[in-house]
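To start, the structure under review is shown below, and the notes come after it.
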Amino acid sequence: MPHELDSRYDHKAIEHSIYKKWEESGYFNPDRVVSDEGRVVSKKKSLRRSKLATRNSPLETRPFSIIMPPPNANGSLHLGHAVFVTLQDIMARYHRMKGNKTLWLPGADHAGFETQVVFNKKLEKEGRSWFSMNREELYREIWNFTQANKKLMEQQLRKLGASCDWSREKFTLDPDIVRIVYDTFGRLYKDGLIERDAGLVNWCPKHQTSLSDLEIKDEERADPFYYLRYGPFTIGTARPETKFGDKYVVMHPDDARYKEYKDGEQFHLEWINGPLTATILKDKAVDKDFGSGVMTITPWHDPVDFELAKRRNLDKEQIIDERGRLLSIAGEFEGMKITEARPKIVEKLQSKGLVDKVDEAYRHVVRACYKCGTLIEPQIKSQWFVRMNKQIAKSPAAAQAMAGKKKQRASQSLAEMAVRAVKERKIKFYPEHAKKVFLHWLRNLRDWNISRQIVWGIRIPAWFCASCGEVRVMNPLTANPVRSRAYPAADGTSPGDRGAATSNGTKWLLVRHGETEWNKEERAHGHADPPLNNEGRAYAESLAARLKERHIGIILTSDLSRARETAEIVARATGAELIVSKGLRGRHIGIAQGMHHRERRRLYGDIFQSYEDAPPGGESFKDFEERVWNAFRQHHALYRHKNVAVVTHIETIHAILKRTKNWDMKQMIAHQTEKAGFTEFDILDPCPKCKNDLYEQDPDVFDTWFSSGQWPYATLLAGREKRGSSKLEVRGSNIPPRSSNDFQTFYPTDVLETAGDILFFWVARMVMFGLYRTGEIPFRNVYLHGLVRDKDRQKMSKSKDNVIDPLGVAEEYGTDAVRMALVAGNTAGNDTIVSEDKIRGYRNFATKVWNIARFVLMHKTGSTNYQSPITNYTPKLTATDKKFLVETKKIKTEVGRHIERFEFHLAAEKAYHYIWHTFADKVVEHYKDRWPKEGEKRKQTKRTLERQAAASYTLENILANSLTMLHPFMPFVTEAIYKKLKPEEMLMVKPWRE
RNA sequence: GCGCGCUUAGCUCAGUGGUAGAGCGACUGUUUUACACACAGUAGGUCGGGGGUUCGAUCCCCUCAGCGCGCACCA
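For the first sequence, the working numbering begins at 282 and goes up steadily by one.
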């Protein structure tokens, strides 16, 4: 019997195959136009069909687009993701049924720093760390890690019923996305909105990178506050360890207590490590009422002091290094961590009588890395900053280029552009008050540091001339190719480099040879010629692997075995041509040859540090450098258009670096050996300033939000280059070729639906970049959802063990139940409470819907269940039947209106309430009377049969409408039921208004 | 310090200028052929305190209190 239904809805048996049918139908792709019969027809044809044309009135065929916030490809989806999937899917499904050309574009984010931190935790468990890995290794491993997660995540999105267009899926590291990100960087640079500057950055001593102002969290805590005697003054500080170099003492110009002192006046004092000359400054930056009203300044490690020093052009000195240890200025405290040093410094100050008093319970706010909680140590660093408040001189070149027409706009900054768009109500916020928060933030915005000292991300497309430091910004994916060059994703530059060329297209690498027994014994080689040992050969193999992906054409090496053997191993692996050059030999050290380094330093230390003096029987550094440089220059002239690896001796590398970078001996010696062991140059068009062509690329990568901030237009433009989707074609469906103008069709997008906590991180940046590059807002509406909490209002976290795995509960109660639980009671901007009880409640509702359908199908015209003869009777609708029908349509319209107003909870609750408490409780109950009860002997007349036919018709109609209105919320169970009702059709594309 | 919210039934939350709703929970009854993942019913709130506007306020305004969040350079 065709309409036999079990009394329970078995989601497990059905969900997977339903999703598969949806996906294979191709209806997730907006390029498919749906006819009323549910078949796909070509666009031109479909418009000629009058029926379709009627339904798809101009209003309804307008496109509707949502770009999915790309989940981080570093873990599996949690309930927060399930919330966005549900809300966005509701909109997508509703608009698709309404007849809009609906695009929901999925993606994944590489999530730079976050992912590298997550990955590092994994490494730490294995006893490894990112700091002990080279760039390529680390990049490759994280690449594989994210790809695996991404795949998993896509499956999870499917499980949640996401009706997104997989053929347009994007990853933030896709080459076509990266190209656009590079382009934006270049244009911002040209417009003067991105500058490289030595600014004070938030430095995380654990992760060894700078962070933006948004990536730090404030933490209130109690620390001792020390009052120290600084000459005639008393200064207050919570950080005595930064005070070693303080030589300016500042007070407010109006402070009567210090009126006898004059700005610029100098005095001598005894300080932590001895006498010091200090200068008095009068400046309004000082708060008279705080502490003693006098402070000394540490510009290198404090934002206020930095600003003051910058404004008044004062000296700045670094006190604390990147690992959080004191530098040599600290004298006896050098090398100590600040936590360790602080009490000892205070002790010393005390012993010198310099401590006035200590306030032990001083409460203040410290800033910490938002990922690891390590205290942020401000440092001065040369980094790339986006100038948020700098006026763009003319209308932005970027927007003109993209819009293809001139946009006349007044001079304004990135922040002002965004403020204006919001104030002009071009972008609406849900909840509305988010607008105030948004504007408040924009108006207090500071420059944004986008440099990150990590590997995982899009490498900044900026090069520095190795000789004079001149900056060159270019898009390596579009710059004029001299020759094509393939960069694999794992080479540490960026996957965007694949198959692309830079303006000159070649790389020169200076790499060190493998180890010999002499190296192991720490004996100096000179021109002695021991072979590689086992470790040396193993190193050569790993070097070969590292170089293999770089398409090395030529390997230059010296004729000495250790270099030459290393080079041969690399040549075998890479297929590169080997060129042996005696000129590249290391320094000839004469009598010191074979000596232990310590011995050599003891006997000849001065000579080896000197430029002109030669050791007995050996070369002076000057002669050595000349010889190496000549050889290097000759080869460089011959092979500069090829990718070259120079496999040679560490002194040779040092000599080349010294010449290239114009170092003196001191600078060269200070250069760290391990860094020189793998030096990478790009050979570009000669530097306009100094005519040299060796460049080094900035090793930093972009803050991840710099790329995701461009997501709306990047995804839509990137899609332009690709036609069709091989992925879906493989599955045997007939997806038409990708529309070539996604950007024109779908931009600006309709809704940006995302978590409220990334309003600044993401939403604000998208608005600014969108306006800057396209001249238009990226989305018309911003809907923000809150955090998911458990029934005790607790934030879900692994440590609290209250995490609900969305896929787990979906497995147990059905995806539909989870989706309903996530949308019911979920208002814009507020946190959502989800408990298993709530999910169970909506599972019960799914069963309810199922059983309504069971009843309707049992009483359906033609059903064999009751051996109903009503098939032959024309339904004669009674007034009640009509009333019921009208009511359903009214509710359906209201549900739709709520969705359009972003009142998803009201829509869901309305549909729920109607279906359960009207349709089931009243309508179905009402119709039971039209059929004879069991055992009842009621005479079936023409009239009763007509009334039964009317009941059947009405019930079926109400069921279809109920399924329609519920489908956006509970897509699986509704589609499953609809399949029983109309086996040939698909509810997902059933017109909403039918 | 500045800004933004929240305070409604035991719990979690909706909601409206005309003296309140849902889910879960509690209690009573019911195995009636759509559904016990159900049905019928019951109890439970002076809508944080105070003041104002209004014919009328839980809803609008002011104020106080408690809670939460965001921003902020007080060394």
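For glycine and all other residues, C-beta sits at the position ideal for the given N, C-alpha and C.
Report task. Look at the alpha carbon of Ser-276 and the alpha carbon of Gly-738, and state the distance between them as a whole number of angstroms. Result -> Residue numbering for the chain in the displayed model covers 282 to 1275; residue 276 lies beyond these limits and cannot be assessed.
Report task. Taking only the alpha-carbon atoms, compute the straight-line gap between Trp-1273 and Glu-1181 and give it to the nearest angstrom. Result -> Locating residue 1273 in the first sequence gives position 992, counting from the first residue. Locating residue 1181 in the first sequence gives position 900, counting from the first residue. Using only the alpha carbons, I get a separation of about 13 Å.
Query - Coil, strand or helix - Val-366 by DSSP - result: Position 85 of the first sequence, counted from the first residue, corresponds to residue 366. Helix at Val-366.
Query raised in the report: Asp-963 to Ser-988, Cα distance in whole Å?
Result: In the first sequence, counting from the first residue as 1, residue 963 sits at position 682. In the first sequence, counting from the first residue as 1, residue 988 sits at position 707. Going from the Cα of Asp-963 to the Cα of Ser-988 covers about 24 Å.
**Report entry** Cys-485 beta carbon near the ligand SAM (any heavy atom closer than 7 Å)
**Finding:** This structure lacks the ligand SAM, and indeed carries no ligand of any kind.
Query raised in the report: Cβ of Gly-1051 within 8 Å of Cβ of Pro-1059?
Result: The sequence position of residue 1051 within the first sequence is 770, counting from 1. The sequence position of residue 1059 within the first sequence is 778, counting from 1. Their beta carbons are under 8 Å apart, which means Gly-1051 touches Pro-1059 by this criterion.
Query raised in the report: In terms of residues, what are the limits of the beta strand (DSSP E) holding Gln-547?
Result: Reading the first sequence from its first residue, position 266 is the one you call residue 547. Looking at the DSSP string, the run of the beta strand (DSSP E) that includes Gln-547 is 547 to 552.
Query raised in the report: Can you tell me where the beta strand (DSSP E) with Trp-665 in it begins and where it stops?
Result: In the first sequence, the residue the question calls residue 665 occupies position 384. Where Trp-665 is concerned, the enclosing beta strand (DSSP E) stretches over 658 to 667.
Query raised in the report: Just to confirm, are His-376 and Thr-367 a CB contact at a threshold of 8 Å?
Result: Within the first sequence, the letter at position 95 stands for residue 376. Within the first sequence, the letter at position 86 stands for residue 367. For His-376 and Thr-367, no; Cβs fall outside 8 Å.
Query - Boundaries of the beta strand (DSSP E) in which Asp-499 is found, first to last residue - result: As a working mapping, residue 499 is identified with position 218 in the first sequence. Element bounds for Asp-499: 497 to 511.
Query raised in the report: Who are the Cβ neighbours of Asp-1112 in its own chain at under 8 Å, not counting the five residues just before and after it?
Result: Walking along the first sequence from the start, residue 1112 turns up at place 831. Correct list, in chain order: Gly-1067, Leu-1068, Val-1069, Arg-1070, Arg-1074.
Requested in this report: Can you say whether Tyr-1259 is buried or exposed, counting buried as having 16 or more other CB atoms within 10 angstroms of its CB?
Outcome: Translated into positions along the first sequence, residue 1259 becomes position 978. When all chains shown are included, Tyr-1259 counts as buried.
Requested in this report: Under 8 Å Cβ to Cβ from Lys-403, same chain only, skipping five residues before and after it: list those, please.
Outcome: To locate residue 403, count along the first sequence from 1; it is residue 122. Counting only Cβ-Cβ distances below 8 Å, and skipping sequence neighbours, we find Phe-426.
Query raised in the report: What separation, rounded to the nearest whole angstrom, lies between the Cα atoms of Ile-708 and Pro-1252?
Result: The residue given as residue 708 occupies position 427 in the first sequence. The residue given as residue 1252 occupies position 971 in the first sequence. The alpha-carbon atoms of Ile-708 and Pro-1252 are separated by roughly 30 Å.
Requested in this report: With a floor of 4 residues, list each alpha helix (DSSP H) that falls wholly inside the region 341 to 390, ordered by position along the chain.
Outcome: 360 to 379
Query raised in the report: So what does DSSP say about Pro-896, is it helix, strand or coil?
Result: Start at 1 with the first residue of the first sequence, and residue 896 comes out as number 615. Residue state, collapsed to three classes: coil.
Query raised in the report: Val-1270 to Tyr-308, Cα distance in whole Å?
Result: Translated into positions along the first sequence, residue 1270 becomes position 989. Translated into positions along the first sequence, residue 308 becomes position 27. Their backbone Cα atoms lie some 8 Å apart in a straight line.
Query raised in the report: Can at least three beta-carbon pairs, one atom from the region 467 to 478 and one from the region 1021 to 1028, be found at a separation below 8 Å?
Result: no
Query raised in the report: Which residue comes first and which comes last in the beta strand (DSSP E) that contains Gly-517?
Result: Along the first sequence, read from residue 1 onward, the residue named residue 517 stands at position 236. Residues 514 to 518.
Report task. Return helix, strand or coil for Ala-392, following the three-state DSSP convention. Result -> Counting from 1 along the first sequence, the entry for residue 392 is found at position 111. Coil at Ala-392, not helix or strand.
Requested in this report: Could you tell me whether the region 972 to 979 touches the region 1028 to 1037, where touching means 3 or more Cβ pairs closer than 8 Å?
Outcome: no
Report task. Could you tell me whether the region 784 to 800 touches the region 820 to 833, where touching means 3 or more Cβ pairs closer than 8 Å? Result -> yes
Query - Neighbourhood of Thr-523 by C-beta, 6 Å cutoff - its chain only, sequence neighbours within 5 removed - result: Along the first sequence, one-based indexing puts residue 523 at 242. Closer than 6 Å at the Cβ level, and outside the excluded window around Thr-523, lie Thr-579, His-582, Ile-600.
Requested in this report: Can you tell me the Cβ-Cβ gap for Lys-569 and Asp-536, rounded? I've got them flagged as a contact below 8 Å.
Outcome: Along the first sequence, one-based indexing puts residue 569 at 288. Along the first sequence, one-based indexing puts residue 536 at 255. At roughly 5 Å, the Cβ-Cβ gap stays under 8 Å, so Lys-569 and Asp-536 are in contact.
Query raised in the report: Is the region 699 to 706 touching the region 443 to 456, taking contact as three or more C-beta pairs under 8 Å?
Result: no
Report task. Pull up the CB-CB distance for Ile-835 and Glu-858, whole angstroms please, since I reckon it's below 8 Å. Result -> By one-based count along the first sequence, residue 835 stands at place 554. By one-based count along the first sequence, residue 858 stands at place 577. Yes, Ile-835 and Glu-858 are in contact; Cβ-Cβ is about 5 Å, under 8 Å.
Report task. Give me the Cα-Cα distance between Arg-592 and Gly-512, rounded to the nearest whole angstrom. Result -> Position 311 of the first sequence, counted from the first residue, corresponds to residue 592. Position 231 of the first sequence, counted from the first residue, corresponds to residue 512. Cα to Cα, Arg-592 sits roughly 25 Å from Gly-512.
Query raised in the report: Quick one: any contact between the region 661 to 668 and the region 437 to 445, if contact means 3 or more CB pairs under 8 Å?
Result: no
Query - Three-state secondary structure (DSSP) of Ile-1172 - result: To locate residue 1172, count along the first sequence from 1; it is residue 891. Ile-1172 falls in the helix class under three-state DSSP.
**Report entry** Those residues which DSSP pairs with Gln-978 across a bridge
**Finding:** Walking along the first sequence from the start, residue 978 turns up at place 697. Answer is Trp-744, bridged to Gln-978.
**Report entry** Three-state class that DSSP yields for Val-567 in the structure shown
**Finding:** Locating residue 567 in the first sequence gives position 286, where the first residue counts as 1. Coil, per DSSP.
Query - Cβ neighbours of Ser-493 in the same chain (closer than 8 Å, five flanking residues each side left out) - result: Position 212 of the first sequence holds residue 493. Answer for Ser-493: Asn-483, Trp-729, Asn-730, Ile-731, Asp-984, Trp-986, listed in chain order.
Query - As assigned by DSSP and simplified to three states, the class of Lys-451 - result: Here residue 451 refers to the residue found at position 170 of the first sequence. The answer is strand: DSSP assigns Lys-451 an E or B state.
Query raised in the report: Expressed to the nearest angstrom, what Euclidean distance is found between the alpha-carbon atoms of Ala-747 and His-952?
Result: Here the question's residue 747 lines up with position 466 in the first sequence. Here the question's residue 952 lines up with position 671 in the first sequence. One C-alpha to the other measures close to 14 Å.
**Report entry** Of the listed residues Glu-893, Tyr-892, Pro-897, nearest to Leu-884 (C-alpha basis)
**Finding:** As a first step, residue 884 must be located in the first sequence, where it is residue number 603. Per the Cα distances, Pro-897.
Requested in this report: Have a look at Tyr-300 and Ala-1188 and give me their C-alpha separation to the nearest angstrom.
Outcome: Residue mapping note: residue 300 aligns to position 19 of the first sequence, counting from 1. Residue mapping note: residue 1188 aligns to position 907 of the first sequence, counting from 1. Rounded to the nearest angstrom, the two C-alpha atoms are 24 Å apart.
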